[in-house]
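One structure is given below, encoded as structure tokens.
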Amino acid sequence: MSEPLVAASFAQMLLAFGGCFTSPSFVTFQHVVAGWILCVGRHTTTRVIEAAGVVGGKHHTSFHRFFRCARWVADEVAVEVLRLVLKLVDPEDALVVAVDDTLARHTGKKISSAGMHRDPLLSTASKVFFHFGHVWVVLALVVEVKRWNKRLALPIFVRLYRSEKTCKKMGLQHQKKTELALELIQKLRAAVPDREVIVVGDNGFANRTVLNGLPAGTCFVGRGVMNAAVFERPGLRQPGDRGRPRVRGARLPAPDERARNPLASWRRLRATIYGRTAVVQVQVFDALWQKRGAGNFVRFVIIRNWPGHDKDDVLLCTDTTKAPAWIIETYCKRWPLEETFHWSKSKLGLEQPQNRTEKAVQRTAPLSLWSYSLIVCWYLTVGYKTRSAAFPVLPWHASKKIPAFPDMLATLRRETWRGRMNDRTENPRAIKKALASMLLAVGYG
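Numbering-wise, the sequence shown is residues 109 to 553 according to my numbering.
This is the structure:
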């Protein structure tokens with residue numbers, strides 16, 4: 109590259125991905141990532157090319173081919189992202205990963221693999237709304253920044269979920285979201301076989317598919333259901349017993365029955381919930397979860413007076429040695445993934461590309477999520493030390509000290525433009541060329 113497309117320190121970080129691409133595709137990858145970061149408008153392929161300032165360098169169709177048919181594997185790129193993110197985690201700590209799905213809304217009849225899906229933002233308990241688009245199942249590594257008392261969820265592995273109708277139309281075998289989630293968990297475990305892994309998920313992923321398929325050394329913490337069918341362990345087989353061995357013991361009261369019992373013993377517990385200390389009441393018991401848990405012996409924690417919850421709720425953990433406070437606090441670590449989805453859609457255009465080919469669809473959205481991870485990695489290692497990291501002086505943010513993702517993204521953009529403008533003060537033509545992309549973004553962003 110004849111001139112820096114993005115801040116030099118960030119470009120240095122991108123060199124780790126050289127082994128994932130052919131030489132021509134790696135150059136295109138650097139252009140695309142730079143444009144994705146600098147683009148302030150709609151994140152289509154052509155707008156990304158304009159933002160990168162590489163229009164005319166080579167034909168624009170080469171950028172479309174990069175997504176549509178270039179020889180690179182998304183999971184190999186994800187593994188490199190994982191290696192970068194792991195540098196932010198203490199080697200002695202367990203890896204906490206959050207799994208969830210998100211709807212990327214689209215319009216257009218020819219978008220590949222799109223279909224009608226339940227819209228979680230518009231739907232209520234009494235009425236369900238649907239929206240056309242893609243659903244992505246995402247596995248993200250949760251990173252704790254202790255100096256800010258802040259957690260960030262950095263996407264690693266991504267899978268596209270298709271509805272049964274879409275799969276039938278495309279002649280593909282349908283996979284449930286939980287099956288895709290288990291595949292991602294197994295990919296992560298294969299990449300880091302020697303680390304303890306804790307998977308955190310909502311009640312949509314707390315079922316037999318995930319719990320039965322968890323790799324060795326992996327713990328799952330999630331939200332259960334209050335009417336779960338729970339049982340004691342089966343007793344020892346006695347001499348003379350006939351038939352196949354029992355798989356469960358006596359039926360136990362369900363979590364909702366325990367919560368309604370006026371004689372139940374509740375325990376007061378202090379825990380850090382979403383960054384704030386709160387006092388809740390809990391009941392703890394271990395049992396076989398027969399239906400959705402398929403006979404897994406798990407620890408249940410019934411919670412009352414949970415901040416933000418009007419009703420009693422229940423969490424579960426596959427490790428019955430864990431304390432209830434640990435289970436509650438670990439489950440709360442899944443929330444940063446919701447923030448990741450929000451910023452990826454509003455700042456990095458997760459919902460905006462309108463790809464018409466299958467392979468392009470499966471590559472474009474993950475690139476948006478990986479860009480989020482790379483920007484955070486850069487900021488936490490290099491960016492916060494730069495002059496560009498200073499917060500703007502605003503009367504409504506006079507005491508702001510902890511950056512949000514838009515501040516990290518703005519820092520990288522400022523550092524990029526600072527690098528483009530350096531050493532060009534005596535060359536008006538070079539300054540004009542350097543400013544062209546920025547003025548285009550200001551005018552059309």
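Just so you know, even glycine gets a beta-carbon here, dropped at the ideal spot from N, CA and C.
- Query: Helix or strand or just coil, what does DSSP make of E252?
  - Reply: Counted from its first residue, the sequence shown places residue 252 at position 144. E252 sits in a strand when the DSSP states are folded into three classes.
- Task: Take V409 as the anchor and find which of A433, A248, S479 has the nearest alpha-carbon.
- Result: As a position in the sequence shown, residue 409 is number 301, starting the count at 1. Residue A433 is the option with its Cα nearest to V409.
- Is T438 near V251, with beta carbons less than 8 Å apart? Taking the sequence shown and counting its residues from 1, one reaches residue 438 at position 330. Taking the sequence shown and counting its residues from 1, one reaches residue 251 at position 143. Result no, Cβ atoms of T438 and V251 do not sit closer than 8 Å.
- Item | Member of N257, F240, T130, A298 whose CA lies at the smallest distance from the CA of K273 | In the sequence shown, counting from the first residue as 1, residue 273 sits at position 165. A check of alpha carbon separations from K273 across N257, F240, T130, A298 identifies F240 as the nearest.
- Query: If we call anything under 8 Å between Cβ atoms a contact, is R528 one with S496?
  - Reply: Position 420 of the sequence shown, counted from the first residue, corresponds to residue 528. Position 388 of the sequence shown, counted from the first residue, corresponds to residue 496. No, the pair does not count as a contact, with Cβ atoms beyond the cut-off.
- Does the count of Cβ pairs from the segment 478-485 and the segment 185-203 closer than 8 Å reach three? As far as the Cβ criterion goes, the segment 478-485 touches the segment 185-203, which means the pair count is three or higher.
- Grouping DSSP H, G and I as helix and E and B as strand, with all else coil, what is M529? Position 421 of the sequence shown, counting from 1, holds the residue named residue 529. Of the three classes helix, strand and coil, the one that applies to M529 here is helix, per DSSP.
- Identify every residue that forms a DSSP beta bridge with K166. Position 58 of the sequence shown, counted from the start, is the residue given in the question as residue 166. According to DSSP, which records beta bridges pairwise, K166 is partnered with V163.
- Please state whether DSSP places L482 in a helix, a strand or coil. Numbered from its first residue, the sequence shown carries residue 482 at position 374. Assignment of L482 by DSSP, reduced to helix, strand and coil, places it in the helix class.
- Query: Exposed or buried, which one is P503 when buried takes at least 16 other CB atoms within 10 Å?
  - Reply: Stepping through the sequence shown from its first residue, residue 503 is reached at position 395. Exposed, since its Cβ has fewer than 16 Cβ neighbours within 10 Å.
- Task: Can you tell me the Cβ-Cβ gap for S476 and L456, rounded? I've got them flagged as a contact below 8 Å.
- Result: Locating residue 476 in the sequence shown gives position 368, counting from the first residue. Locating residue 456 in the sequence shown gives position 348, counting from the first residue. Between L456 and S476 the Cβ distance is about 5 Å, and since that is below 8 Å, they are a contact.
- Message: Could you give the first and the last residue of the continuous beta strand (DSSP E) run that contains L456?
- Response: Along the sequence shown, one-based indexing puts residue 456 at 348. No beta strand (DSSP E) contains L456, which DSSP labels as neither H nor E.
- Item | Of the residues E340, A124, A336, T524, the one placed nearest E365, counting alpha carbons only | Locating residue 365 in the sequence shown gives position 257, where the first residue counts as 1. In terms of CA proximity to E365, A336 leads the group E340, A124, A336, T524.
- Query: At what residues does the beta strand (DSSP E) containing H225 begin and finish?
  - Reply: Position 117 of the sequence shown, counted from the first residue, corresponds to residue 225. Counting along the chain, the beta strand (DSSP E) containing H225 begins and ends at 223-226.
- Can you name the start and end residues of the alpha helix (DSSP H) that N320 belongs to? Your numbering for residue 320 matches position 212 in the sequence shown. From DSSP, the alpha helix (DSSP H) with N320 extends over 316-321.
- Query: Out of A314, G149, H139, T317, which has the shortest C-alpha to C-alpha gap to F174?
  - Reply: Sequence index remark: in the sequence shown, residue 174 carries index 66 (1-based). Nearest to F174 by alpha-carbon distance, out of A314, G149, H139, T317, is H139.
- Beta bridge counterpart(s) of C425 as assigned by DSSP: Looking up residue 425 in the sequence shown gives position 317. Its beta-bridge partners are V329, R407.
- Item | Separation of I219 from R213, as counted between CA atoms | Residue mapping note: residue 213 aligns to position 105 of the sequence shown, counting from 1. Residue mapping note: residue 219 aligns to position 111 of the sequence shown, counting from 1. Near 11 Å, if we compare the C-alpha coordinates of I219 and R213.
- Would you call the CB atoms of L296 and F328 closer than 8 Å? If you number the sequence shown from 1, residue 296 lands on position 188. If you number the sequence shown from 1, residue 328 lands on position 220. Taking 8 Å as the Cβ cut-off, L296 and F328 do not qualify as a contacting pair.
- Message: What does the alpha-carbon distance come out to for the pair V392 and R407?
- Response: To locate residue 392, count along the sequence shown from 1; it is residue 284. To locate residue 407, count along the sequence shown from 1; it is residue 299. Rounded to the nearest angstrom, the two C-alpha atoms are 7 Å apart.
- Query: R471: buried (16+ other C-beta within 10 angstroms of its C-beta) or exposed?
  - Reply: Indexing the sequence shown from 1 puts residue 471 at position 363. R471 should be labelled buried.
- Going by the beta-carbon positions, is the gap between A115 and L520 smaller than 8 Å? Sequence index remark: in the sequence shown, residue 115 carries index 7 (1-based). Sequence index remark: in the sequence shown, residue 520 carries index 412 (1-based). Yes, Cβ-Cβ distance for A115 and L520 is below 8 Å.
- Message: Measuring only the C-alpha atoms, how far is C177 from I157?
- Response: Mapped onto the sequence shown, residue 177 falls at position 69. Mapped onto the sequence shown, residue 157 falls at position 49. The straight-line gap from Cα to Cα measures roughly 18 Å.
- Message: By the three-class DSSP mapping on this structure, what secondary structure does F499 have?
- Response: In the sequence shown, counting from the first residue as 1, residue 499 sits at position 391. Reduced to three states, the DSSP call for F499 is coil.
- How many Å lie between W451 and P342 at the Cα? Residue mapping note: residue 451 aligns to position 343 of the sequence shown, counting from 1. Residue mapping note: residue 342 aligns to position 234 of the sequence shown, counting from 1. Between the C-alpha atoms of W451 and P342 there is a straight-line separation of about 48 Å.
- Message: Less than 8 Å between the C-beta atoms of A248 and T426, yes or no?
- Response: For the purposes of this step, residue 248 is identified with residue 140 of the sequence shown, where counting begins at 1. For the purposes of this step, residue 426 is identified with residue 318 of the sequence shown, where counting begins at 1. Cβ atoms of A248 and T426: not closer than 8 Å.
- Under the three-state DSSP convention, the category F238 falls into: Reading the sequence shown from its first residue, position 130 is the one you call residue 238. The answer is strand: DSSP assigns F238 an E or B state.
- Task: Assuming T153 contacts H172 (C-beta within less than 8 Å), just tell me the rounded distance between them.
- Result: Numbered from 1 along the sequence shown, position 45 holds the residue referred to as residue 153. Numbered from 1 along the sequence shown, position 64 holds the residue referred to as residue 172. Rounded, the Cβ-Cβ distance is 6 Å, consistent with contact.
- Could you tell me if G126 is buried or exposed, where buried requires 16 or more neighbouring beta carbons within 10 angstroms of its beta carbon? On the sequence shown, position 18 is the one that residue 126 refers to. Label assigned to G126: exposed.
- Task: Please determine, among K467, S481, W144, D349, the residue with the shortest C-alpha to C-alpha distance to V181.
- Result: Walking along the sequence shown from the start, residue 181 turns up at place 73. The alpha carbon of V181 has as its nearest neighbour, out of K467, S481, W144, D349, the alpha carbon of K467.
- Item | For R526, the nearest candidate out of G325, V305, T494 (CA to CA) | For the purposes of this step, residue 526 is taken as the residue at position 418 of the sequence shown. It is T494 whose Cα lies nearest to the Cα of R526.
- Query: Can you tell me where the alpha helix (DSSP H) with W144 in it begins and where it stops?
  - Reply: Counted from its first residue, the sequence shown places residue 144 at position 36. Residues 131-146.
- Considering A206, what are the terminal residues of the beta strand (DSSP E) in which it resides? For the purposes of this step, residue 206 is taken as the residue at position 98 of the sequence shown. Segment 203-213, the beta strand (DSSP E) holding A206.
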